[in-house]
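S.K.: Numbering (the working numbering), first residue to last: 71 to 723. Backbone N, C-alpha and C define an ideal beta-carbon position, used for all residues, glycine too. My questions will all concern the structure given below.
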């Protein structure tokens, strides 16, 4: 007879504690996870094709809000470590409020609908997301609880002593999550169970009462959390002396309540004023203050109206801003740091920004991160950093039962590509038979970068007497590598992508079967090109820059997260107008070779640029301070599938 969930919970907790112990021990070593800065975003979306703004440097001293792409287990480890180079101290004990809305329905469809000019396509989740969601639900609720437990413990580490956590959940797993929260935060620190009644229409249900609420569990870290009692939406009313006299003369409507003028409570306010101030009230004195009703633990807040174009952004699990506004106002102060590690549509960060809080948000989904980035720019937020953390392949590799050594996995990759190992000492280096072509397999726990390419070129010249060509096979790549690739001779060095789902395929099939089937394909990286920038001198020591997109070369459709029918549609766009696949692009007009400062942005569905909601504008026009030297202009583009590429163009003196 299988064990029940209650019987399995002790094992879930035990395994979760061991995992956290390893993570925290790693924090004390040199092998810390760090956030990779992809963009320093200074929101300035294209409105009319002309920009005039200040080019701000990233000093590393001021606080900057942060949007992070990656698994929140790794994101939180990086936050615990801190990173002085971007002004990020260790966030241990530094966050006053955490709100999370983790996925809680195993039957959810995580496909993303993309509307392109002429047709729609459905994008499957990225391989990393597929790994995450399949691992989360492979044993049903038990796997979900195993996923959540160590993350909740790390959130406790990040909370300040006056901090609180709000865990948004529903009937699927809520009761089991409550038991884990009691274990992690202590039953005495349980503050409330909020019932959010979202007032949506569900239709007729015969077998049960319509399910129209979620649960939000509130726990504090310490005994004295930030908490500001909230009132309902009734406006505050005050009664001054003049209106008081009107009230005494029979105008009961003044107060908004039909109390008799002889009510002793009203006379008590008058008498208390006289006693405390030793005088009768004047015309400007407030006698009676009527406030809204104290909000209790049942919240009637409408879900986001699909017809509300100002708030609805097309994200299936989007939560209303009114819900997050109440939470943030109740459990944080102005300038508090608010975090959401299942960022989704970005409601937490968006509302925190409006309420004067600092924020950190993350999500494992590239579509979610793009939605958040666009939403924050639409809201004209203060500058923020967009980070990535990419340790997924290492994690998948370590979870593999068959390929525990990197050298074993490298041999398999070489065989799949059609190369044979040079010798046992260099297990990740191979040769294509009867040629002078060297094949190098990079480690799954490294990011292939420009430094790697430089090393490959040196190997081509010197390793074992030299080679005609070296082929570099990598798992994950630095966001700026495509710019480096255009500076090298492809006949000397070629960089190809190892299929990101290879480890998952190897769990299902022997690699020899994969070789025979031809199922594994290696592809080239995507890249963007721009036309030569135009520079026009302007008065007041300024100049105008015109930067125009030229072409976009995409990965082979075979490796895109699409089914065959949708691949055919994308192939048509690739052939006719590949720039239509660009979702977002941005410009740094004064690139310093270190940090990409996104000073100008345009994206599909830019609310201030309604010329064509399905296409980006191709030309950026910027007015910038004049430089008496060559100017490096860096352009970054992100396509509808989340692939990023970057190009640098120079102007003359």
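1. When the Cα atoms are used, what is the spatial distance from residue 580 to residue 495?
2. What residue from 151, 576, 708 and 604 has the CA that sits closest to residue 479's CA?
3. Could you please give the first and the last residue of the uninterrupted alpha helix (DSSP H) stretch that includes residue 142?
4. Whose C-beta lies closer than 7 Å to the C-beta of residue 683 among residues of the same chain, with five residues either side of it excluded?
5. If contacts are defined as beta-carbon pairs under 8 Å, then residue 459 and residue 103 qualify, I think. What distance do you get, rounded to the angstrom?
6. Where does the unbroken alpha helix (DSSP H) through residue 219 begin, and where does it stop?
7. Could you tell me which residues DSSP pairs with residue 607 in its beta bridges?
8. Cβ of residue 668 within 8 Å of Cβ of residue 138?
9. Three-state secondary structure (DSSP) at residue 483?
10. Rounded to a whole number of angstroms, what is the C-alpha to C-alpha distance between residue 489 and residue 503?
11. Give every residue of the same chain whose Cβ lies closer than 6 Å to the Cβ of residue 527, excluding the five residues on either side of it in the sequence, and list them in chain order.
12. Along the beta strand (DSSP E) that carries residue 135, what are the first and last residues, could you check?
13. Kindly list the residues whose CB is nearer than 7 Å to the CB of residue 685, restricted to its own chain and excluding five residues on each side of it in sequence; keep chain order.
14. Please say whether residue 486 and residue 584 have beta carbons closer to each other than 8 Å?
15. Kindly identify the DSSP beta-bridge partner or partners of residue 439.
16. Mind checking who residue 598 pairs with in its DSSP beta bridge?
17. Using the C-alpha atoms, what's the distance from residue 302 back to residue 330?
18. Which residue marks the beginning of the alpha helix (DSSP H) containing residue 87, and which one marks its end?
19. Enumerate in chain order the residues of its own chain whose CB-to-CB distance from residue 624 is below 7 Å, with the five nearest sequence positions on each side excluded.
20. Identify, in the order they occur along the chain, each residue of the same chain with its Cβ nearer than 7 Å to the Cβ of residue 601, setting aside the five sequence neighbours on each side.
21. According to DSSP, is residue 642 helix, strand or coil?
22. In three-state terms, what does DSSP make of residue 657?
23. Touch check for the segment 439-454 and the segment 411-430: three-plus C-beta pairs under 8 Å?
24. Which value, in whole angstroms, describes the spacing of the CA atoms of residue 610 and residue 705?
25. Is there contact here, the segment 524-543 with the segment 507-514, by at least three beta-carbon pairs under 8 Å?
26. Measure the C-alpha to C-alpha separation of residue 598 and residue 84 and round it to an integer number of angstroms.
27. Give the secondary structure of residue 197 by DSSP, where H, G and I count as helix, E and B as strand, and everything else as coil.
28. With DSSP as the reference, label residue 664 as helix, strand or coil.
29. Measuring CA to CA, which of 284, 359, 363 and 340 is closest to residue 352?
30. Are the Cβ atoms of residue 226 and residue 265 separated by less than 8 Å?
31. Rounded to whole angstroms, what is the Cα-Cα separation between residue 327 and residue 357?
32. Taking the alpha carbon of residue 690 as the reference point, which residue from 699, 615, 545 and 637 has its own alpha carbon closest?
33. Would you mind listing the alpha helix (DSSP H) stretches within the segment 480-558 that are 4+ residues and don't spill past its ends, in chain order?
34. Starting from residue 158, follow its DSSP beta bridges and name the residues at the other end.
35. Which residues in the same chain have their Cβ closer than 8 Å to the Cβ of residue 218, if we skip the five residues on either side of it in sequence?
36. According to DSSP, what are the bridge partners of residue 409?
M.R.: Taking the geometry as given:
1. 24 Å
2. 576
3. 142-151
4. Hits under 7 Å: 674 and 675.
5. For a cut-off of 8 Å, the C-beta gap from residue 459 to residue 103 is around 6 Å, short enough to register as a contact.
6. 211-228
7. DSSP, once it has assigned bridges, lists 613 as partnering residue 607.
8. no
9. helix
10. 7 Å
11. 563
12. 135-139
13. 187, 650 and 674
14. yes
15. The partner list for residue 439 (beta bridge, DSSP) is empty, contrary to what the question assumes.
16. Residue pairing by DSSP places residue 598 opposite 622 in a beta bridge.
17. Any answer about residue 330 is weak, because its pLDDT of 48 lies below 50 and its placement is not dependable; what the coordinates show is given next. The alpha-carbon atoms of residue 330 and residue 302 are separated by roughly 25 Å.
18. 75-97
19. In the same chain as residue 624, and ignoring 5 residues on each side of it, the C-beta atoms closer than 7 Å to its own belong to 596, 644, 648, 651 and 709, in chain order.
20. 618 and 620
21. helix
22. Correct three-state label for residue 657: strand.
23. yes
24. 26 Å
25. yes
26. 49 Å
27. Interpretation of residue 197 is limited by its pLDDT of 49, a score under 50 that renders its predicted location unreliable; the figure taken from the coordinates is listed afterwards. DSSP places residue 197 in helix when its eight states are reduced to three.
28. coil
29. 340
30. no
31. Bear in mind that a pLDDT of 48 at residue 327, under 50, signals an unreliable position, so the model cannot answer this.
32. 615
33. 520-532 and 551-555
34. 153
35. 172, 247 and 250
36. 168 and 430
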